[in-house]
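I have placed the structure first, in the form of structure tokens, so that the comments after it can refer back to it.
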Amino acid sequence: MTDKLIIFDTTLRDGEQSPGASMTRDEKLRIARQLERLKVDVIEAGFAASSNGDFEAVQLIANNIKDSTVCSLSRANDRDIARAAEALKGANRARIHTFIATSPLHMEKKLRMTPEQVLEQAKQSVRFARNLVADIEFSPEDGYRSDVDFLCRVLEAVIKEGATTLNIPDTVGYAVPELYGNFIKTLRERVPNSDKAIWSVHCHNDLGMAVANSLAGVKIGGARQIECTINGLGERAGNCSLEEVVMAVKTRKDYFGLELGIDTTHILAASRMVSQTTGFVVQPNKAVVGANAFAHASGIHQDGVLKARDTYEIMRAEDVGWSANKIVLGKLSGRNAFKQRLQELGVSLDSETELNNAFARFKELADRKSEIFDEDILALVSDESAAGEQEEYGFVSLSQTSETGEQPKASIVITVAGTEKRSSATGNGPVDASLKAIESLVQSGAEMVLYSVNAISGSTESQGEVTVRLQNSGRVVNGVGADPDIVVASAKAYLSALNKLHSKSERVAAQG
Ligand code: KIV
Ligand code: ZN
């Protein structure tokens, strides 16, 4: 009998709750496919009852993901639960995750309910959900700050009603590892029939301890499911980071003694995809997926690693998807080499047409840039999947002038619903002038809440990757554009964000 640790990814639900991280339905499906390649056990695809957009995203993922369990969050009421079940109809394996707050503070101030009412509602919701789906997860929100006696009563009751997973959230990231681990242990010891359910941990990172707390919940508390997100994405300081927690359990198998189903070689591609989609840049010194995670800069370290790599390396870079012998592609590389590199990067395009289009863009880029790195290819395919949709605005060409002492000017040609339009504007700098020229044509009135430029690889020959976050009538969207010319990359990113604002499939409301 193996002792397996279940990895429950909530990038598409709790991760997306992070302000500015909202994703379109198609972006969510793309990430879900990458999570499936990673062999994540459970994908929390969204919160079906929170908006039509969320419902459609959960439904799309449920209909397309075959290996991982697909889960929808739902408040503890019949309407939400029925909506979740409806969205999950097409799933091979479906889970409903229902929650209600149990801490004195949340019950009194947020729910305005008595503990007895909360207990009744928790029971009734699990009973209702169990009639629709066999796999039911229950979470007492703000569980870690709840009264332990009351929490034991709630958990005992929901097991009786048929909950199969009990998740104990540290909703506000208040826990410390030893205390959280002991809290889970106490619950498991005190709740009758605790062995009838899988215990799960869900930790937020407000004090920087989400990974440590989750691991303590497993090691001390005996939990066998960890809830986490790619890059630790999530509200405020984020959630427990998947890549860190998975690599900790794998690297220190001697200590944890647990099996994982995860194919870690797809971790880096997942991290890049989430970062590119949301515009949340990964810090260079981030464990496992940061650009410096495996870079040895000091002479002593480099010397040691060359003599014997385990002098300073505890994990192999290849094991998380950093290619060992990176063959850089260039303009002489053929379609097969390109296709193979995509496979190595864990990217599968949906059709031959998408592959051909991506290859054509690759050739175009290779004409302008002598070495094409993995990062360039990932940027290119993310452009490709965006280009798959019928877009309102398209980039055609741009020219701009900037000279010391003169006001920068830009002239732009874009397509609006298939028709070419031109405009010129001046601005503080060439990027400002270009975006003003676009805005004069489009008149979106959107407010820019983030503009960031990132060099995709390490030299001045690198492509610039620009993220633009726009806000309009309560909606927040991200647009990403890549090009060796950062002014062009900025224009592409701006157009991509405008397309999302224009698209009706975009999610409208944040979680209620
Ligand atoms: O942090 C939290 O409490 C949650 C629950 C909805 C599980 O995300
Ligand atoms: Zn959470």
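So the mapping is simple: this note's numbering equals the position in the sequence shown, first residue as 1, plus 26.
Just so it is clear, CB atoms sit at the ideal spot from N, CA and C, and this is done for glycine as well.
Consider the Cβ of residue i: report whether some Cβ of chain C lies at a distance smaller than 8 angstroms.
| i | result |
| --- | --- |
| Val354 | Going by chain labels, chain C is absent from the structure shown, which holds only one protein chain. |
Nearest CA to the CA of residue i: which residue from the options?
| i | options | result |
| --- | --- | --- |
| Ile185 | Ser220, Tyr170, Gly169 and Phe209 | Ser220 |
| Phe34 | Cys97, Ile87 and Gln85 | Cys97 |
| Ile440 | Leu424, Glu432 and Ser374 | Leu424 |
| Ile194 | Leu286, Arg171, Gln309 and Asp80 | Arg171 |
| Ala463 | Asn498, Lys518 and Asn90 | Lys518 |
| Ala302 | Gly46, Arg39 and Gln85 | Residue identity check: residue 302 is Gln in the sequence provided, not Ala. The option with the nearest alpha carbon to Gln302 is Gly46. |
| Val174 | Thr212, Arg156 and Ser151 | Thr212 |
| Ser437 | Asn383, Lys276 and Gln426 | Gln426 |
| Asp280 | Arg501, Ser349, Ile252 and Lys245 | Lys245 |
| Ser460 | Ala443, Leu476 and Phe421 | Phe421 |
| Ile210 | Lys115, Glu253, Leu192 and Gly199 | Leu192 |
| Glu465 | Gln433, Gly444, Gly431 and Asn525 | Asn525 |
| Asn208 | Leu241, His228 and Gly247 | Gly247 |
| Ala108 | Gly116, Ala117 and Ile122 | Ile122 |
| Lys276 | Ala295, Gln309, Val314 and Asn257 | Val314 |
| Leu86 | Gly505, Arg63 and Thr50 | Thr50 |
| Val457 | Ala443, Val479 and Val475 | Val479 |
| Asp80 | Ala113, Arg63, Leu241 and Leu358 | Ala113 |
| Gly356 | Glu397, Gln251 and Val198 | Glu397 |
| Gln369 | Lys395, Arg387 and Ile403 | Ile403 |
| Val494 | Ile482, Val84, Ser522 and Val514 | Ser522 |
Just to confirm, does residue i get its C-beta within under 7 angstroms of one of the non-hydrogen atoms of the ligand KIV?
| i | result |
| --- | --- |
| His230 | yes |
| Phe125 | yes |
| Asn193 | yes |
| Glu167 | yes |
I'd like to confirm something about residue i: is its beta-carbon nearer than 7 angstroms to some heavy atom of the ligand ZN, or not?
| i | result |
| --- | --- |
| Thr197 | yes |
| Asn265 | yes |
| Asp35 | no |
| Asp40 | yes |
What does DSSP give as the partner residue(s) for residue i in the beta ladder?
| i | result |
| --- | --- |
| Leu114 | DSSP lists no partner for Leu114. |
| Arg448 | Val439 |
| Tyr477 | Val494 |
| Val547 | Given a span of 27 to 538 for the chain in the structure shown, any question on residue 547 remains unanswerable. |
| Ala508 | Glu491 |
| Ser374 | Bridge partners of Ser374: none, in fact. |
| Phe34 | Val68 and Glu253 |
| Leu524 | DSSP, once it has assigned bridges, lists no residue as partnering Leu524. |
| Asn265 | His230 |
| Gly260 | DSSP, once it has assigned bridges, lists no residue as partnering Gly260. |
| Pro456 | The partner list for Pro456 (beta bridge, DSSP) is empty, contrary to what the question assumes. |
| Leu539 | Residue 539 falls outside the range modelled here, since the chain spans only 27 to 538, and no answer is possible. |
| Gly166 | The amino acid occupying residue 166 in the given sequence is Pro; Gly does not appear at that position. Ile126. |
For the ligand NAD, any of its heavy atoms closer than 7 angstroms to the Cβ of residue i?
| i | result |
| --- | --- |
| Leu99 | As presented, the structure is devoid of the ligand NAD, carrying the ligand KIV and the ligand ZN as its sole ligands. |
Q) Three or more beta-carbon pairs under 8 angstroms between the stretch 232-243 and the stretch 262-274, yes or no? A) Contact annotation: the stretch 232-243 touches the stretch 262-274, with at least three C-beta pairs closer than 8 angstroms.
Q. When the Cβ atoms of the stretch 505-521 are set against those of the stretch 488-495, are three or more pairs found closer than 8 angstroms?
A. yes
**Q.** alpha helix (DSSP H) segments (min. 4 residues) lying fully within the stretch 187-223
**A.** 203-216
Q) Would you call the stretch 91-108 and the stretch 59-76 touching, i.e. three or more CB-CB distances under 8 angstroms? A) yes
Q | Stretch-stretch touch, CB-based, cutoff 8 angstroms, three pairs: the stretch 469-482 with the stretch 443-454 | A | no
Q) Of all the alpha helix (DSSP H) runs that stay within the bounds of the stretch 283-357, which reach a length of 4 or more residues? A) 293-304 and 325-333
(Q) Extract the residue ranges of the alpha helix (DSSP H) inside the stretch 90-152, only unbroken runs of 4 or more that lie entirely within it. (A) 104-113
Q) Touch check for the stretch 294-311 and the stretch 360-369: three-plus C-beta pairs under 8 angstroms? A) No: the two stretches stay apart, fewer than three of their Cβ pairs being nearer than 8 angstroms.
Q. When the Cβ atoms of the stretch 82-97 are set against those of the stretch 130-148, are three or more pairs found closer than 8 angstroms?
A. no
(Q) Quick test of the definition: if touching needs 3 or more C-beta pairs under 8 angstroms, does the stretch 175-182 touch the stretch 151-160? (A) no
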